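Written out below as structure tokens is the structure these notes cover.
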Amino acid sequence: MDSEQELKRQLEAALEENARQKKIIDSLVRRVEQDSSHRVDPYAAFQHSVMLADQVREKTEELNTTLHELETINRELSNANQKVERAQQRFVDAIESISDGFALYDKDRYLVHSNSRFQRFWLDNDIPLDMPRITLSEVKQLAHSKGLIIKELPYSDLHGGRVFQQKDNRWVQVSERKTSDGGLVMLYTDITLLKEAESARYEATISEKLRQSYQTLEKRVQLRTAQLEDLNKQLSKEVKERRAVQSRLLEAKQEAELANLSKTKFLAAISHDLLQPLNAAQLFLGSLRAQRIGSSASRLVDSLEHSLSDVESLITMLVDISKLDAGTIRADKQPFSLDQLLGNIANEFHQVALQTNVEVRYVPSDIVVYSDSVLLSRIIRNLMSNALRYTESGKVLLGSRRTPNGVRIDVLDTGDGIPKDKQKEIFQEFKRLSPRKAENRTQLGLGLAIVDKISNVLGHQISLESELHKGSRFSVMVPYGIVKTKSAPLVAPKELNGSAILQGSRIWVVDNDNNICEAMSELLTGWGCDVVTAGSLSALQLECDIASESVEMLIVDYHLDNGETGLEVARHVHQNRSRPVPTIVLSANRSEELKHEVRDCGYLLLSKPVSPVRLKATIVSQLQSEQNQPSTKVSPSLY
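Just so we're aligned: the sequence shown equals residues 3 to 641 in the working numbering.
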């Protein structure tokens, strides 16, 4: 290609030189002709002619030489053109002989040459290419705009090749290579067969792997099936064994429940049967203490009172533990004034402490708490009993303190204290410290265990702080409550000497136990009351006119003869009077149902056996409330 251009350049130079020599010759000839026409001197003309002839000859020789060189250059140019044509033909034959599509772009990316395979691809898709006016970017745009390419993938090639899937599902690999003058050669290779072979190999490989996986999986399934069968056999055996164990456990549970129910019923029945005569004994003892007796007889009365108190405490604790273990006790939480509860308990234990060397103090408060007043009173009573029992002399303080988490009810004593290693143990059943008082040796060690169990039912936290030889503090944390009406203020225990208010008070007592009727009559009469006793409603109607006769208090036993209850007697009395009579219901039944029933009627419930001190405090409280005097009146069913 370079030699051909050089020959063309030499030819052009020779032609220019030949034209220049010809112009010179023509100019010389014209000058000779002009000079011959103007001059006369022949010799001078001859000399001038000879000189011109020499110049013409020289120029002619130069022209001949140039013509010879031009002929040589023409021959060489012709040979070069033939070589170029042969090279071009070989180039065309070469790109036509390959199976790939060929396209040559110049440095400006205009298409300058392509083979028939490349052109046929576009003609088959009805897209003629206008060479050499079309560019590479226009070729790509045509391919995409006509939808010829449906997928494009990168190809691992150093020159940035790509792989295309055409709309006829054929695959083409495009390779690119730059030329030395900045042009671009692109080869379009049909790799459909290669892709199909590759897909076939891939499918065959996948199929083989699947086959192997299937065989492996089948073996694993067989192995796992065998393992599962063995496991199922073991599970079946275990299930049978567990069913047998569950059956035995269910039978044992049913037997335990029946035994527990039988125990509960037995304790309830025996407690009722025992508490009835015990209640009569307590009342007779109260009447006896009111009599003027000698010192030796007084000591016997004290011993008898302690014995009866121990029996009452033992029976009550056994029944409580039985109910707590059976889960029959449910909390009935309501907001109430704490004074209503603590004031009555303080009054009661103030009377008890008068017979000892212990002083009971109470700090009133106006706090409202949210709890079950009955169950909470059981906790406080047990803590107070425990404090009095283990304090020979000194003080027992009952009070409450506000805290961010609720009201902390404290029972403090100046007793001997509790060792640190015993402070958890004392809340267990039948665990107690070594008593220093002889009367404490009969205790079973259930009081604090009952406190712990009831606190769990209420969800109240019990805490203990104690120091040996200085005393102890038992605390109960109770949440705050809200009430709409303000309760009547409490009176200090020393103001509750009810002898004056009891004088001449008319009280009706209905109980089917003649011993209790006699004991109640003796006790109340000794306090200065006017007492009428009866075994039933009909007997009471024979004794007095229930509609018109004056009466300040009605005391009824819950269980009467022939299915009659004390509540029915109280309702009948109230229905026949213009205003209700303060009513106290006595019963050895400590069930929650009875407590709710009595409270719903607006009465007070006292559990048998009733100590004379508690009975007197309750009667005084009710009578004072009726006379609109400051009292310690409590909500129904408090005791």
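Note that the Cβ used here is the ideal one computed from N, Cα and C, for glycine as well.
None of these values were measured; they are calculated from a predicted model.
Per-residue burial, residue i [other beta carbons within 10 Å of its own, 16 or more giving buried]
i	result
G537	buried
N81	exposed
P491	Note on P491: pLDDT 45, under 50, position unreliable in the model; the coordinate value appears next. It counts as exposed.
L498	Annotation note: pLDDT 45 at L498 (below 50); position unreliable, coordinate value reported separately. By the neighbour-count rule (16 or more Cβ atoms within 10 Å), L498 is buried.
F1	Because the chain is modelled from 3 through 641, residue 1 falls outside the range shown and cannot be assessed.
R380	buried
D602	exposed
L233	exposed
G461	exposed
Q353	buried
A440	Summary for A440: the model assigns pLDDT 41, below 50, so the residue's position carries little reliability, and this model does not support an answer.
I208	exposed
E18	exposed
K109	exposed
E63	exposed
S468	buried
Q224	exposed
N349	buried
F93	exposed
A521	buried
D423	exposed
M53	exposed
K235	exposed
A89	exposed
K488	Annotation note: pLDDT 48 at K488 (below 50); position unreliable, coordinate value reported separately. By the 10 Å Cβ count, K488 comes out exposed.
Nearest to residue i (by Cα), restricted to the options the options
i	options	result
R645	D128, E200 and L106	The structure shown does not extend to residue 645, since the chain is modelled only from 3 to 641, so the question has no answer here.
V600	A619, P582 and Y560	Y560
V141	A541, I193 and Q121	Q121
D454	S402, L377, K197 and E394	L377
F429	S465, R22, K221 and V398	S465
N646	R383, K397 and V365	Lying outside 3 to 641, the shown extent of the chain, residue 646 is not represented and no answer is given.
I151	Q167, G163, Q143 and L144	Q167
P279	G604, N388 and N517	N517
D334	A246, E14, N20 and E595	E595
L607	S375, R32, W173 and T218	S375
Q342	D56, S627 and E8	S627
Residue i vs residue j beta-carbon contact at 9 Å
i	j	result
L400	R363	yes
L138	S116	no
V575	W529	no
G345	L617	no
F286	L525	yes
V571	V553	no
V480	R404	no
S367	L385	no
A283	D515	no
I75	A16	yes
K180	G149	no
V413	F476	yes
S507	I586	no
V459	R579	no
D372	Q336	Reading off the sequence shown, one finds Tyr at residue 372, where the question assumed Asp. In this structure, Q336 lies closer than 9 Å to Y372 by Cβ.
L556	C531	no
V370	G483	yes
R592	S613	no
G565	V512	no
T1	N171	This structure leaves residue 1 out entirely; the chain is present only between 3 and 641.
L65	K24	yes
V165	E178	no
I97	V58	no
Span of the alpha helix (DSSP H), counted from its first residue to its last, around residue i
i	result
V124	According to the sequence shown, residue 124 is Trp rather than Val. S118 to D126 is the extent of the alpha helix (DSSP H) around W124.
R616	P614 to E628
I452	G449 to L460
Residue i, enclosing beta strand (DSSP E) - first and last residue
i	result
K180	W173 to K180
K397	S395 to T405
P337	Q336 to S339
G103	G103 to Y107
R164	R164 to Q168
G473	G473 to V480
G408	G408 to D415
E469	Q463 to E469
V533	D532 to A536
Residue i CB to nearest heavy atom of the ligand GDP below 8 Å
i	result
T527	Questions concerning the ligand GDP fall outside what the structure shown contains, since it holds no ligand whatsoever.
Original post:
Are at least three pairs of beta-carbons, each pair with one atom in the region 409-422 and one in the region 463-476, less than 8 Å apart?
Top reply: yes
Subject >> the region 66-85 contacting the region 99-113, beta-carbon criterion three pairs below 8 Å >> reply: no
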